[in-house]
Amino acid sequence: MLIAKITDSDFFGGEPQYIEDDARYNVRGVVLDKNGNIALMKVENSEYYKLPGGNIDITETPEVAFTRQASEETGLPVEKIGYIGWIEEHKNKRKFCMVSHCYAVKATSEETNHEQLAAAEERLGYKLEWLPYEEAITKLKALSESCKEYQMSFILKREYLILESAKELITNELGEKE
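Counting from 1, position 23 in the sequence shown corresponds to residue 832 in the working numbering; the numbering is continuous, with no gaps.
Structure representation (structure tokens):
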């Protein structure tokens with residue numbers, strides 16, 4: 810299920826332009842801890858956040874890739890709750906389309922391994938934060954609406970839309986815990 814197609818027109822107006830010939834694929838999604846909080850990666854020295862996720866290795870399916878990425882970035886073992894859908898970011902300024910397959914997973918233990926961030930994530934100073942769903946979605950929506958940076962505008966809008974689309978899966982999962 811397509812969540813959304815984000816284009817430059819979402820930020821600058823005009824007609825949407827779609828990039829059909831240069832697509833890159835990755836995974837993103839929602840990680841719930843045992844208390845029902847959402848994992849967000851905070852970019853150091855900024856007010857920006859992103860959801861866990863990243864590249865798909867050539868030998869992986871998107872589902873396996875997200876499970877691996879979620880475990881690496883949170884340090885927690887996780888299991889799939891469900892598939893949220895996919896989202897497309899048509900970045901005309903950068904001349905490519907990023908397609909993210911999106912999942913929701915939950916931590917199966919509170920015992921953490923050490924987080925294993927990618928080199929680029931360490932350079933940017935990503936720090937893991939856990940927020941209640943409503944706080945996370947409110948924060949991402951406000952940041953998305955006020956952001957003026959090209960790349961971060963796409964990221965924040967994407968993360969907000971993913972989290973918004975995951976609400977039913979999250980609500981069902983939290984309801985089952987009670």
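For each residue, glycine too, the CB sits at the ideal point set by N, CA and C.
query                                                                                           : result
Residue span of the beta strand (DSSP E) that contains R837, given as start and end             : A832 to L841
Integer Cβ distance of I890 from L983, believed to fall under 8 Å                               : Wrong, their Cβ atoms sit about 10 Å apart, outside the cutoff.
Collapsed DSSP secondary structure at E882 in the structure displayed                           : helix
Collapsed DSSP secondary structure at A945 in the structure displayed                           : helix
Residue(s) in a DSSP beta bridge with C906                                                      : A832 and H899
Distance between K859 and K851 (C-alpha atoms, nearest Å)                                       : 7 Å
Nearest neighbour of K966, chosen from Y892, T917, K900 and A916 [CA to CA]                     : K900
Sub-9 Å separation of I812 and G863 beta-carbons                                                : no
Three-state class that DSSP yields for L849 in the structure shown                              : strand
G891 at chain B interface by Cβ criterion, 9 Å                                                  : Judged by its chain identifiers, the structure shown contains no chain B, having just a single protein chain.
Option nearest C798 by Cα separation, candidates T947, P871 and E943                            : Not covered by the structure: residue 798. The range shown for the chain is 810 to 987.
Contacting residues, own chain, Cβ-Cβ under 8 Å from Q826 (five flanking each side not counted) : T816, D817, S818, H899 and N901
Residue of K915, G823, Y857 and N835 minimising C-alpha distance to K936                        : Y857
For L811, the three-state DSSP class (helix, strand or coil)                                    : strand
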